[in-house]
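Structure, as structure tokens:
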Amino acid sequence: MRTRAARRPLLTALVALALVGTTAACAPEPATHLLTGAAGVGATTQESVQGSAQESAPQAQGPAASDTTAAPAECADGLPAVASATPGGSPQVTPGSTMAAIRERGTLVVGVSADTLLMGSRNPFSGTIEGFDIDVARQVAAAILGDPGKVRFRVITSGDRETVLAEHEVDIVVRAFTINCERWENIAFSAEYYHAGQKLLVPSTSQVTGVDDLDGQRVCAPDGTTTLERLQAWEGVKAVPAATHTTCLVLFQQGAVDAITGDDTVLAGFAAQDPYAKVVGDAVSDEPYGVGIPADQPDMVRFVNGVLEDMVSGGQWAKSYDRWLGDALGPAPAAPQPVYGRTP
-6 MRTRAARRPL LTALVALALV GTTAACAPEP ATHLLTGAAG VGATTQESVQ GSAQESAPQA
54 QGPAASDTTA APAECADGLP AVASATPGGS PQVTPGSTMA AIRERGTLVV GVSADTLLMG
114 SRNPFSGTIE GFDIDVARQV AAAILGDPGK VRFRVITSGD RETVLAEHEV DIVVRAFTIN
174 CERWENIAFS AEYYHAGQKL LVPSTSQVTG VDDLDGQRVC APDGTTTLER LQAWEGVKAV
234 PAATHTTCLV LFQQGAVDAI TGDDTVLAGF AAQDPYAKVV GDAVSDEPYG VGIPADQPDM
294 VRFVNGVLED MVSGGQWAKS YDRWLGDALG PAPAAPQPVY GRTP
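Following this line, the structure appears as structure tokens:
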């Protein structure tokens, strides 16, 4: 069988590219586009290529997790985890505010992924980081600084997200960051801007169709994620933690794990890169993504919520979805309805 052997030449390129750089200072740039065709798929790692997402469309069975009707978890304060602070109108940079300090500095510092194709990954041709999450970050930069290019990206792992916020190493984190009650104890969140769900990536020849078929199998998920926490509770499954999503993909391509579990957004990007992989199963979780914000900056929470409302009402949210996720996950769903009432 040639599937795993055929992957190895590609794997060498993947690992080499995955190790290039950990930060990117981004100046204003022209609009970039999702690469398609053999050039996109044949030269990639998830953190460096915008490969064709069209090949994965039949596998990633639509954005099932975009259904936001599931009852939200309630935190100790009686509010649902997804509840955030009311924006209070159009976002304004007022004197003495967190946003005013960022404007004086001249750049917005954002913690992002560079290895999550379609959400936040480095384009090998332009060197820029791009994706749905990156569009959100640029909208915040535009609202504060008048220019979506005035942003400095700090590439972080999933496990870094809370730490860089708590220590004020970044202004915000936009990195497929699931809102939950435990995280609210350490940081603050915007309202939900995307609703994902946990599924499985398996070899195209696998008979696995869902979680119930994983007994005895090795399944990878990144450290510091709700995905790994859930995986570790699955009976009969050997959980294999890894530093990043890309590391999981490398282990999968080496045959060191049998499957990867993660948000459908992430797995759709994997399937777009690997013709020997497919996304299977119904979503086993609700993963509401929010912008992470330091807990002591409630003005920034309200400001970002205003930016997100403007993204939806102005059509930018739908445009970003169509550009990055539409081919892999189907037509754009309705944007998540914000829930307010929390005092950060």
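Using my numbering, count along the sequence shown one by one with no gaps and you end on 337.
For each residue, glycine too, the CB sits at the ideal point set by N, CA and C.
Name the two residues that bound the continuous beta strand (DSSP E) containing residue i.
i, result
"residue 300", "First-last for residue 300: 291 to 306, but that is the alpha helix (DSSP H), not the beta strand (DSSP E)."
"residue 194", "191 to 196"
"residue 271", "270 to 273"
"residue 211", "211 to 215"
The alpha helix (DSSP H) spanning residue i covers which residue range?
i, result
"residue 149", "No alpha helix (DSSP H) holds residue 149; DSSP gives it neither H nor E."
"residue 130", "125 to 138"
"residue 257", "257 to 266"
"residue 182", "It is not in any alpha helix (DSSP H) - residue 182 instead sits in the beta strand (DSSP E) that spans 180 to 182."
"residue 280", "Counting along the chain, residue 280 falls outside any alpha helix (DSSP H), though it belongs to the beta strand (DSSP E) covering 280 to 282."
Of all the options the options, which has the alpha carbon lying nearest to the alpha carbon of residue i?
i, options, result
"residue 261", "227, 108 and 93", "108"
"residue 305", "321, 290 and 325", "325"
"residue 175", "148, 288 and 270", "288"
"residue 74", "302, 153 and 178", "178"
"residue 168", "279, 105 and 83", "105"
"residue 227", "277, 116 and 132", "277"
"residue 187", "211, 256 and 217", "256"
"residue 258", "318, 223, 217 and 143", "318"
"residue 141", "336, 103 and 237", "103"
"residue 263", "100, 197, 131 and 132", "197"
"residue 252", "236, 272 and 323", "272"
"residue 265", "320, 275 and 282", "320"
"residue 78", "89, 302, 224 and 202", "302"
Under three-state DSSP, which class holds residue i?
i, result
"residue 313", "helix"
"residue 321", "helix"
"residue 100", "coil"
"residue 17", "Residue confidence is low: residue 17 scores 40 on pLDDT, short of 50, so the model does not pin down where it sits. Its coordinate-derived value is still stated next. Looking at residue 17 - three-state DSSP - the assignment turns out to be strand."
"residue 159", "helix"
"residue 105", "strand"
"residue 230", "coil"
"residue 175", "helix"
"residue 243", "helix"
"residue 222", "helix"
Skipping 5 residues on each side, what residues in its chain have a beta carbon closer than 6 Å to that of residue i?
i, result
"residue 286", "165, 181, 293 and 294"
"residue 328", "305 and 310"
"residue 217", "151 and 152"
"residue 342", "Because residue 342 is not part of the residues shown, which for the chain are -6 to 337, the question remains open."
Is the closest heavy atom of the ligand NAD to the C-beta of residue i under 7 Å?
i, result
"residue 256", "The ligand NAD is not part of this structure, which contains no ligands at all."
Report all residues from its chain with a CB closer than 7 Å to the CB of residue i; omit the five preceding and five following residues, and keep chain order.
i, result
"residue 26", "Here the model assigns residue 26 a pLDDT of 31, short of 50, so the residue's position is not dependable, and the following value carries that caveat. Within the same chain, residue 26 has no close Cβ partners at all."
"residue 163", "102, 103, 104, 147 and 157"
"residue 137", "86, 92, 95, 96 and 101"
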